[in-house]
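Scroll down for the structure; my scribbles are underneath it.
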Amino acid sequence: MFYREAGQYKTSYQADQALFPIRQDQVGIILILAAAFIAVPLMASDFVIDSVLIPVLIFSLAAIGLNLLTGYTGLLSLGTGGFMGVGAFACYKLATYFPGINIVVLVICSGFFSAAAGIVFGLPSLRIKGFYLAVATLASQFFLSWCFIRIPWLYNYNISASIEVPTRTLFGLPITGPTATPITRYIIVLTIVAVMTLLASNLIRGRIGRTWMAVRDMDIAAELIGIKLYPTKLLAFAVSSFYCGVAGAMLVFLWLGNAESESFSINQSFIILFMVIIGGLGSLLGSYFGAALIYGLPIVLRMIKGLLGLSITAANVEHINFITLGVLIIFFLIAEPNGLARLWQIGKQKLRVWPFPY
Amino acid sequence: MHLLYMIFIDPFVQMGTAPDLLVQTLWEGLVAGVLYALIALGFVLIFKASGVFNFAQGIMVVFAALTLVGLYAHGVPAFLALAMTIGVMFLLALAIERFVLRPLVNQPDIILFMATFGLTYILIGFGELIFGGDPKVMIADQLLLPNGSYTVKMFGGFVQMQKIDIAAAVIASVMVASLAVFFQKTRIGRALRAVADSHRAALSVGISLEYIWVIVWFASGIVALATGIMWGARSNVSFALEVIALKALPVLILGGFTSIPGAIIGGVIIGVGEKIGEFYWGPLFGSGIEEWFAYVIALVFLLFRPQGLFGERIIERI
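Top line first, the protein sequences correspond to chains F and V.
Take the first sequence: its letter number 339 is residue 339 in my numbering, and every next letter is one higher.
Take the second sequence: its letter number 42 is residue 400 in my numbering, and every next letter is one higher.
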């Protein structure tokens with residue numbers, strides 16, 4: 001009823017293969033983008049933008065990166081945090097050596113460094129599969145974390161072993177560093193994330209994405225129909241790490257302002273993996289849902305505690321948060337193992353047939 | 359040239375000139391390896407019987423040790439506390455089967471893996487809420503574990519062996535042997551192996567999956583308790599112990615996810631390799647290579663045997 005594609009005729013292949021073939025989707029995406037680009041900066045408070053929207057967008061991008069690898073190519077990786085770290089540290093070094101180049105360009109360029117790291121650590125993926133591969137990618141995580149601490153060159157021999165973001169401008173407005181306002185940073189993050197999501201969605205609709213999915217569904221069969229496994233898997237690692245690297249660079253430059261190796265620890269990898277799985281494996285939209293849920297849950301829990309006015313000590317609140325988070329993760333997995341993206345599908349179907357049950 | 363010398367020659371010269379240090383390092387590696395193997399054993403038990411990659415094993419170790427120490431602190435005699443902790447681990451196994459595994463039956467592996475993450479969070483929160491986050495001392499003396507050390511004269515030097523380490527090695531061997539007997543000789547053990555082979559076939563001959571799962575989670579709970587006691591006696595009982603789960607993962611891939619002897623041998627290889635690497639090659643790279651050295655060893659082995667040393671051969675069919 002509300003979401004009916006009946007009567008929308010396609011007269012060319014091009015129209016049929018468009019990114020959003022259904023009119024409701026086209027209108028919807030325009031509305032969402034308009035809201036994100038215009039309404040949010042006008043209405044949302046700095047606090048909401050800085051502590052909710054920016055991180056959710058950045059984590060969404062990282063989740064998209066991991067989703068390309070785990071959801072679309074079927075290679076389980078626990079090294080996301082490390083790859084994000086490579087992006088962040090690469091961006092920092094680039095900003096040190098090339099102060100004249102615009103920081104947005106550098107953020108994107110740093111993705112190439114993590115893509116290279118991804119290729120190196122993706123090398124064992126041809127022989128190793130499943131959980132064995134997951135543990136093998138842990139090797140990259142630990143090795144990279146170790147590098148972030150033990151190689152002082154990476155953080156310019158800073159005594160605190162952390163990287164501090166210099167102030168850089170775009171069109172005369174500061175976009176990184178302490179003087180940048182949340183709104184400008186938000187707009188930059190949003191633009192990068194939106195463009196990269198668009199790229200990712202086109203990538204997975206095309207030949208490359210189809211080979212990835214063939215490899216995911218059964219790699220031997222994929223090999224038999226002429227897909228070269230090794231380049232395909234390595235490309236997946238490279239693209240995925242590229243996304244993670246850009247996300248990591250943004251995390252430091254456009255959100256945190258400074259960071260040390262702890263920001264890219266194993267826990268970060270696990271959290272991103274949560275986002276992908278809770279959101280839905282093999283769904284870009286799901287990556288956004290997952291990031292919003294996993295990042296938003298602790299905030300919401302804290303707010304609920306505040307509203308109820310329970311008198312518990314801060315430490316206990318933390319512990320209860322942990323328990324609640326764990327219970328909710330298990331609950332979501334039981335309720336919908338295919339992730340929030342699946343719920344969205346079901347919702348769309350319901351809208352389509354309403355008021356009839358089917 | 360100097361670097362090559364430092365990498366390929368100097369460490370071996372050191373080993374040759376100070377064999378007592380080498381033996382000491384080997385011994386420490388062996389002990390660490392046995393303890394890694396114990397954790398890996400917990401993983402293997404569960405993976406074999408339910409195909410679940412149980413990430414919560416590390417936190418189960420902490421949880422079991424904390425329960426034991428916490429009960430003792432509340433005035434329960436040591437051995438009664440031990441029995442009660444075993445009871446708690448049984449209840450935990452029951453709860454996990456009922457509330458996590460049963461609703462998730464027949465889901466992909468990765469979903470179950472994630473669920474054990476949820477479990478990890480719950481156990482961390484729960485443990486800290488009840489027992490507090492500060493480190494506690496393991497009640498090793500009260501459990502009649504020996505302390506002190508032997509000093510053995512060897513190669514004109516000394517090798518020191520902590521009695522608790524010897525006890526750990528003995529307990530680990532007993533545990534593995536009894537598990538092996540349990541798996542091979544008893545009725546339940548046979549059922550466990552059947553479930554490991556095929557869930558569906560096991561169900562069709564009348565083996566109750568629920569029952570089996572409770573048993574394996576309980577068994578790995580007991581393994582976790584033993585691990586917790588041993589690690590706790592060497593350092594303190596705190597949530598920092600959780601990271602030892604990450605240490606056990608290379609052991610796991612080295613030995614193979616499905617092999618109990620693999621866990622033991624893998625543990626020893628990793629433990630010894632790690633200590634030797636840290637001691638002889640560590641200064642070259644700056645310290646802390648222990649963190650990832652084990653993974654590198656495991657990776658090298660994996661490149662030649664993708665299913666681990668003793669894992670079941672992976673057969674892929676279209």
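C-beta: ideal position from N, C-alpha, C; glycine also.
### Query
If you follow the alpha helix (DSSP H) that V/Leu-380 is part of, which residue opens it and which one closes it?
Residues 377-408.
### Query
Helix, strand or coil: how does DSSP classify F/Thr-176 here?
Shown here, F/Thr-176 sits in a strand according to DSSP, grouped into three states.
#### Entry: Short Cβ contact (8 Å threshold) for F/Val-239 with F/Ile-227
Pairing F/Val-239 with F/Ile-227 gives a Cβ-Cβ distance that is not under 8 Å.
### Cβ contact (3+ pairs, closer than 8 Å) linking the region 56-76 of chain F and the region 277-294 of chain F
Yes, since at least three Cβ pairs between the region 56-76 of chain F and the region 277-294 of chain F fall closer than 8 Å, the two stretches touch.
### Task
Kindly say whether F/Arg-127, judged by its beta-carbon, lies nearer than 8 Å to any beta-carbon of chain V.
At least one CB atom of chain V sits nearer than 8 Å to the CB of F/Arg-127.
### Task
Tell me whether F/Ile-128 sits in a helix, a strand or coil according to DSSP, three-state version.
It is coil, neither helix nor strand.
### Min CB distance V/Leu-657 to chain F below 8 Å
Yes, V/Leu-657 counts as interfacial toward chain F.
### Query
Relative to chain F, which residues along the region 454-466 of chain V have a C-beta separation below 9 Å, given in chain order?
Going along the region 454-466 of chain V in chain order, one finds Phe-457, Val-458, Pro-461, Leu-462, Gln-465, Pro-466 with a Cβ nearer than 9 Å to chain F.
### Query
Which ranges does the alpha helix (DSSP H) cover as unbroken runs of at least 4 residues, wholly within the region 420-462 of chain V, from first to last along the chain?
The alpha helix (DSSP H) runs of length 4 or more contained entirely in the region 420-462 of chain V are, from start to end of the chain, 436-454.
### Query
Are the C-beta of V/Tyr-479 and some C-beta of chain F separated by less than 8 Å?
Nearest CB-CB separation between V/Tyr-479 and chain F: below the 8 Å threshold.
### Query
In this structure, does DSSP put F/Arg-216 in helix, strand or coil?
DSSP places F/Arg-216 in the helix class (H, G or I) of the three-state scheme.
### Task
Thinking V/Met-400 and V/Gln-415 are a contact (beta carbons under 8 Å), I'd like their distance in whole angstroms, please.
In the sequence under discussion, the amino acid at residue 400 of chain V is Gly, which differs from the Met named in the question. Going by Cβ atoms, the distance from V/Gly-400 to V/Gln-415 rounds to 5 Å, so yes, they are a contact pair.
#### Entry: Cβ pair V/Phe-471, V/Phe-540 closer than 8 Å
Cβ atoms of V/Phe-471 and V/Phe-540: not closer than 8 Å.
### Task
Starting from the Cα of F/Gln-24, find the closest Cα among F/Val-246, F/Ala-6, F/Leu-198 and give me that residue.
Looking at the Cα atoms, F/Ala-6 is the closest of the given residues.
### Query
To the nearest angstrom, how far is it from the Cα of V/Ala-554 to the Cα of V/Gly-635?
About 36 Å.
### Query
What's the C-alpha gap between V/Ser-408 and V/Gln-382?
V/Gln-382 has its alpha-carbon roughly 39 Å from the corresponding atom of V/Ser-408.
### Query
Using a C-beta cutoff of 8 Å, does V/Glu-486 count as contacting chain F?
Closer than 8 Å: yes.
### Task
With distances taken Cα to Cα, identify the nearest neighbour of F/Gly-279 among F/Pro-55, F/Pro-21, F/Val-27, F/Trp-344.
Restricting attention to F/Pro-55, F/Pro-21, F/Val-27, F/Trp-344, the CA atom closest to the CA of F/Gly-279 is found in F/Trp-344.
### Message
Along the chain, where does the alpha helix (DSSP H) containing V/Leu-657 start, and where does it finish?
### Response
In this chain, the alpha helix (DSSP H) harbouring V/Leu-657 covers 648-662.
### Task
Step through the CB atoms of chain F and report whether any lies within less than 8 Å of the CB of V/Trp-650.
Yes - at least one Cβ of chain F is within 8 Å of the one on V/Trp-650.
### Task
For V/Gly-483, decide whether its Cβ has a neighbour in chain F, counting only Cβ atoms nearer than 8 Å.
With 8 Å as the cut-off, V/Gly-483 counts as an interface residue toward chain F.
### Query
What whole-angstrom Cβ distance do F/Leu-53 and F/Tyr-243 have, given they're in contact under 8 Å?
F/Leu-53 to F/Tyr-243, Cβ: 19 Å. No contact.
### Message
Is it buried or exposed, V/Pro-435, if we count other Cβ atoms within 10 angstroms and call 16 or more buried?
### Response
Exposed is the call here.
### Inter-stretch contact (C-beta, 8 Å, three-pair minimum) for the region 651-664 of chain V and the region 130-143 of chain F
They touch, by the three-pair rule.
### Query
So does the region 450-463 of chain V actually touch the region 517-526 of chain V, counting three or more Cβ pairs closer than 8 Å?
Contact fails: fewer than three Cβ-Cβ distances are below 8 Å.
### Message
Assuming the contact rule is C-beta atoms closer than 8 Å, V/Ile-356 and V/Ile-469 should be a hit. Round their C-beta distance to whole Å, please.
### Response
With chain V represented from 359 up to 676, any question about residue 356 of chain V goes unanswered, as that position is not in the structure.
### Query
Name the chain F residues that come within less than 8 Å of V/Leu-610, Cβ to Cβ?
The contacting residues are Val-135.
### Query
Does the Cβ of V/Ile-480 lie closer than 7 Å to at least one heavy atom of the ligand FAD?
Annotation note on the ligand FAD: not contained in the displayed structure, which lists no ligands.
#### Entry: Within chain F, partners of V/Leu-450 - CB distance below 7 Å
What V/Leu-450 touches in chain F, judged by beta-carbon distance under 7 Å, is nothing: the nearest beta carbon there is about 14 Å away.
### Query
Who are the near neighbours of F/Ala-44 in its chain, counting only those whose CB is closer than 8 Å to its CB and skipping five residues on each side?
For F/Ala-44, where only same-chain residues beyond five positions count, the Cβ hits under 8 Å are Leu-53.
### Query
Taking Cβ-Cβ distances shorter than 7 Å, what residues in chain V pair up with F/Ala-214?
Chain V residues near F/Ala-214: none, gap ~13 Å exceeds 7 Å.
### Query
Are the beta-carbon atoms of F/Gly-82 and F/Phe-264 separated by less than 8 Å?
Yes, the pair counts as a contact, with Cβ atoms nearer than the cut-off.
### Task
Would you mind listing the alpha helix (DSSP H) stretches within the region 524-553 of chain V that are 4+ residues and don't spill past its ends, in chain order?
Taken in chain order, no unbroken stretch of alpha helix (DSSP H) lies wholly in the region 524-553 of chain V with a span of 4 residues or more.
### Query
Terminal residues of the continuous alpha helix (DSSP H) containing F/Ala-232?
Before going on, a small fix: residue 232 of chain F reads as Thr here, not Ala. Per DSSP, F/Thr-232 belongs to the alpha helix (DSSP H) from 229-250.
### Message
Let me see if you follow: with CB-CB separation under 8 Å, is V/Ile-570 close to chain F or not?
### Response
Taking Cβ atoms only, chain F never reaches closer than 8 Å to V/Ile-570, which makes this a no.
### Task
Let me know if V/Tyr-430 comes out buried or exposed under the rule of 16 or more other beta-carbons within 10 Å of its beta-carbon.
When all chains shown are included, V/Tyr-430 counts as buried.
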